[in-house]
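Numbering (our numbering), first residue to last: 56 to 165.
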């Protein structure tokens, strides 16, 4: 019997989520100061992973370009490392960080 016919390899959703979150970090120029690192949730069905990435970005920035880069990198890395198709990568921008607003907030006293 050939090695590929003897068993099955299963990759847990949380493992694919870690791959996706790391890929999102790699795709971004930087995590905003005071911001959270990207997080991922994944649903795996057979050999396909549907990915949802939650992230925070600096403002102003090219949000569309950054989200596109995240989608591309996540798809590429999940395919390469987990061997799964990625039919969907949903990117949710949860927060925008502005240097102007951050410095204004630091100057306030309560």
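Glycine residues also receive a C-beta, built at the ideal position from the N, C-alpha and C atoms.
Please classify residue i: does DSSP put it in a helix, a strand, or coil?
{"i": "residue 108", "result": "strand"}
{"i": "residue 57", "result": "coil"}
Suppose the cutoff is 7 Å on Cβ atoms and the five residues either side in sequence are ignored; what does the same chain contact list for residue i look like?
{"i": "residue 126", "result": "144 and 146"}
Taking 8 Å as the limit between beta carbons, can you name the residues of its chain near residue i, skipping five residues before and five after?
{"i": "residue 81", "result": "128 and 132"}
Do you know whose CA, among the options, lies nearest residue i's CA?
{"i": "residue 112", "options": "72, 63, 148 and 68", "result": "148"}
{"i": "residue 98", "options": "73, 118 and 116", "result": "73"}
{"i": "residue 87", "options": "103, 95, 107 and 116", "result": "116"}
{"i": "residue 154", "options": "121, 90, 70 and 61", "result": "90"}
{"i": "residue 65", "options": "101, 79 and 78", "result": "101"}
{"i": "residue 166", "options": "75, 138, 95 and 120", "result": "No statement about residue 166 is possible, as the shown extent of the chain runs from 56 to 165 and does not include it."}
{"i": "residue 67", "options": "114, 108, 96 and 61", "result": "96"}
{"i": "residue 77", "options": "63, 109 and 114", "result": "109"}
{"i": "residue 135", "options": "103, 94 and 60", "result": "103"}
Could you name the residues of the same chain whose beta carbon sits closer than 6 Å to that of residue i, not counting the 5 residues immediately before and after it, in chain order?
{"i": "residue 105", "result": "98 and 143"}
Contiguous beta strand (DSSP E) assignments of at least 3 residues, all confined to the region 68-124:
94-100 and 103-114
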